[in-house]
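What follows is a single structure, written as structure tokens, with notes after it.
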Amino acid sequence: MGLLLLILSLIMLEGWLNYTSYIFQVLPLTNFSEPLNFAIAPIIYLFMLSQLGDKRTKWDGFHFVPFALWLGYCVFFFIQADVFKYNDNLAVMNLNVPAAKTSIPYAGDPLGLRNYVNLATIVHIIIYNIILARRLLLAVGKKGETIFNTQDKNLRSIRNSFNHFLIITIILVFVKANYESDVGDYLIFLYMCFMIFLTSYQIMNSSSYYLQTSSFLEGPVLKYKKSSLANEDKVIILEAISNQMKNEKYFLRSTASLSGLAKSINESSHHVSQVINEKLGLSFFELLATYRVEEAKSILNTEMGKKLTIEEVAERVGYNSKSAFNTAFKKITSHTPSSYRNL
Numbered sequence: 004m005g006l007l008l009l010i011l012s013l014i015m016l017e018g019w020l021n022y023t024s025y026i027f028q029v030l031p032l033t034n035f036s037e038p039l040n041f042a043i044a045p046i047i048y049l050f051m052l053s054q055l056g057d058k059r060t061k062w063d064g065f066h067f068v069p070f071a072l073w074l075g076y077c078v079f080f081f082i083q084a085d086v087f088k089y090n091d092n093l094a095v096m097n098l099n100v101p102a103a104k105t106s107i108p109y110a111g112d113p114l115g116l117r118n119y120v121n122l123a124t125i126v127h128i129i130i131y132n133i134i135l136a137r138r139l140l141l142a143v144g145k146k147g148e149t150i151f152n153t154q155d156k157n158l159r160s161i162r163n164s165f166n167h168f169l170i171i172t173i174i175l176v177f178v179k180a181n182y183e184s185d186v187g188d189y190l191i192f193l194y195m196c197f198m199i200f201l202t203s204y205q206i207m208n209s210s211s212y213y214l215q216t217s218s219f220l221e222g223p224v225l226k227y228k229k230s231s232l233a234n235e236d237k238v239i240i241l242e243a244i245s246n247q248m249k250n251e252k253y254f255l256r257s258t259a260s261l262s263g264l265a266k267s268i269n270e271s272s273h274h275v276s277q278v279i280n281e282k283l284g285l286s287f288f289e290l291l292a293t294y295r296v297e298e299a300k301s302i303l304n305t306e307m308g309k310k311l312t313i314e315e316v317a318e319r320v321g322y323n324s325k326s327a328f329n330t331a332f333k334k335i336t337s338h339t340p341s342s343y344r345n346l
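Quick note: the working numbering has the sequence shown finishing at residue 346, numbered continuously throughout.
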């Protein structure tokens, strides 16, 4: 999700440069975000698969082959003289300004493919829409529900994300069919801004950070100062959390979340977060990482653990990403999983 928001922001940045004509002040940045068109769909696809609980595979990187190929092809354009980039911006924005003349031969599109980039982008995104729709229908079908009427909160969230993706596709097709070049892209940017706003709102609405008030003069006020949760209740909740982690091994689930843990002990997410923060001095994700790393250490110390790959160990303790596992392991133990195994 972070990568998606970054990519959308970079694409909108280039759009802003084009619409304000500031791009003429930074001509080397012309079309810098164009290859990212082929990264949006794969990132959304992988994000949704992770939300559905699918494991990462070594083949995931192949989804970014079109992005890599187009990035390589764009190098021919990127290395052209600024005069060609100047003329390209005039054409893209349909500006009624005479093109700059030059005697230098143009070699920025040796195969004549750049005229088809919009069509290729649309086809690429539609293909992923079809694949995602099929995967989502299979997930809903396994629960005996329909895509329009599912009681599964996670599936509803994924369905809504897919709907946003579908709407962007429809707007993209509409814009490219009715506007020349990139003139109508502002409609796409408007919806992207709306998506980023919704995401930011959801993050702020669910974050406990915004429950605290602080002053740079007086220092932070206790986050849960107004909480009515009695200490006896905190002890009970802490025991329930400990039971879920130690006995039920909740942390091994790749979809483990604060809301999921709270649901498993019939408490509110806010109270569970408060108890973890106050009684253990940790955030939920720090607590999760602590248990997962301890479990990983136990595995790595066995004969079987010495034969497993780091990716397999990461999956066994609940991580979908080797890099996330390595980061957490090193932060807690000061060793990478590989170096720890060799101690």
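C-beta atoms are modelled at their ideal positions from N, C-alpha and C, and glycine is treated no differently.
Being a predicted model, the structure only gives us computed values, none of them experimental.
Does T124 come out as helix, strand or coil in the three-state DSSP assignment?
Taking the sequence shown and counting its residues from 1, the one referred to as residue 124 is at position 121. It is helical.
Would you mind sorting T216 into buried or exposed? The rule is 16 or more other CB atoms within 10 Å of its CB.
Stepping through the sequence shown from its first residue, residue 216 is reached at position 213. Because the pLDDT of T216 is 45, which lies under 50, any placement of that residue in the model is unreliable, and the number read from its coordinates should be weighed accordingly. Exposed.
Measure from the alpha carbon of N34 to the alpha carbon of each residue in P45, L20, I43, then state which is nearest.
Here residue 34 refers to the residue found at position 31 when the sequence shown is read from its first residue. The option with the nearest alpha carbon to N34 is L20.
Could you check if E221 is buried or exposed, using at least 16 other CB atoms within 10 Å of its CB as the buried criterion?
Taking the sequence shown and counting its residues from 1, the one referred to as residue 221 is at position 218. Bear in mind that the predicted position of E221 carries a pLDDT of just 43, short of 50, making it unreliable; the figure below should be weighed with that in mind. Classification of E221: exposed, given that the 10 Å Cβ count is below 16.
Cβ of S267 within 8 Å of Cβ of Q247?
Taking the first residue of the sequence shown as position 1, residue 267 is located at position 264. Taking the first residue of the sequence shown as position 1, residue 247 is located at position 244. Yes, the Cβ-Cβ distance between S267 and Q247 is below 8 Å.
Would you check if there are 3 or more beta carbon pairs closer than 8 Å linking the stretch 81 to 96 to the stretch 129 to 149?
no
Just the Cα atoms here: how many angstroms apart are Q54 and K179?
Here residue 54 refers to the residue found at position 51 of the sequence shown. Here residue 179 refers to the residue found at position 176 of the sequence shown. Cα-Cα distance, rounded: 31 Å.
Put N152 into one of helix, strand or coil per three-state DSSP.
Mapped onto the sequence shown, residue 152 falls at position 149. The answer is strand: DSSP assigns N152 an E or B state.
Is the beta carbon of S257 closer than 8 Å to that of N348?
The chain is shown from 4 up to 346; residue 348 falls before or after that span and cannot be answered.
Can you give the beta carbon distance from S189 to I170, rounded, assuming they're within the 8 Å contact cut?
If you number the sequence shown from 1, residue 189 lands on position 186. If you number the sequence shown from 1, residue 170 lands on position 167. Before going on, a small fix: residue 189 reads as Tyr here, not Ser. Their Cβ separation, rounded to whole angstroms, is 16 Å, which puts Y189 and I170 out of contact at 8 Å.
P45 (DSSP reduced to helix, strand or coil):
Numbered from 1 along the sequence shown, position 42 holds the residue referred to as residue 45. P45 falls in the helix class under three-state DSSP.
Rounded straight-line distance, which links the Cα of L122 to that of I191
Sequence index remark: in the sequence shown, residue 191 carries index 188 (1-based). Sequence index remark: in the sequence shown, residue 122 carries index 119 (1-based). Distance between the alpha carbons of I191 and L122: 16 Å.
Work out the CA separation of E298 and I239 for me, nearest whole Å.
The count along the sequence shown starts at 1 and reaches residue 239 at position 236. The count along the sequence shown starts at 1 and reaches residue 298 at position 295. Each residue's alpha carbon lies about 25 Å from the other.
What does a CB cutoff of less than 7 Å around L241 pick up in its chain, not counting 5 residues either side in sequence?
In the sequence shown, residue 241 corresponds to position 238, counting from 1. For L241, where only same-chain residues beyond five positions count, the Cβ hits under 7 Å are V278, K282.
Contact between the stretch 65 to 76 and the stretch 146 to 158 is defined here as three or more beta-carbon pairs at a separation below 8 Å; is this criterion met?
no
Any idea if D63 is buried or exposed, counting beta-carbon neighbours within 10 angstroms, 16 or more meaning buried?
One-based indexing of the sequence shown puts residue 63 at position 60. It is exposed - the Cβ of D63 has fewer than 16 other Cβ atoms within 10 Å.
Rank I244, E37, P340, A233 by C-alpha distance to the C-alpha of I302 and give the top, closest one.
In the sequence shown, the residue the question calls residue 302 occupies position 299. With distances taken between Cα atoms, I302 lies closest to P340.
Reduced DSSP secondary structure (H/G/I, E/B, other) of T33:
Translated into positions along the sequence shown, residue 33 becomes position 30. T33 falls in the coil class under three-state DSSP.
Could you tell me if Y351 is buried or exposed, where buried requires 16 or more neighbouring beta carbons within 10 angstroms of its beta carbon?
The question about residue 351 has no answer, for the chain in this structure spans 4 to 346.
Taking the alpha helix (DSSP H) that E235 falls in, what are its first and last residues?
Start at 1 with the first residue of the sequence shown, and residue 235 comes out as number 232. Start and end: 234 to 249.
Am I right that C77 and P38 are in contact with their C-beta atoms under 8 Å? What's the rounded C-beta distance?
On the sequence shown, position 74 is the one that residue 77 refers to. On the sequence shown, position 35 is the one that residue 38 refers to. The Cβ separation is near 6 Å, so the contact holds.
Relative to the C-alpha of Y131, which residue among Q205, Y48, A233 is closest?
As a position in the sequence shown, residue 131 is number 128, starting the count at 1. It is Y48.
Where does W408 fall in DSSP's three states?
Missing from the structure shown is residue 408; the chain here goes from 4 to 346 and no further.
In angstroms with no decimal places, state the Cα-to-Cα distance between Q28 and L98.
Reading the sequence shown from its first residue, position 25 is the one you call residue 28. Reading the sequence shown from its first residue, position 95 is the one you call residue 98. Using only the alpha carbons, I get a separation of about 16 Å.
Let's test the definition: count the other Cβ atoms within 10 Å of the Cβ of L139 and tell me whether it reaches 16, buried, or not, exposed.
Sequence index remark: in the sequence shown, residue 139 carries index 136 (1-based). That one is buried.
Buried or exposed for I173, please, with buried defined as at least 16 other CB atoms from any protein chain shown within 10 angstroms of its CB.
On the sequence shown, position 170 is the one that residue 173 refers to. So I173 counts as exposed.
Going by alpha carbons, who is nearest to E318 out of Y343, R59, T149?
Along the sequence shown, read from residue 1 onward, the residue named residue 318 stands at position 315. Checked all of Y343, R59, T149; the closest Cα to E318 is R59.
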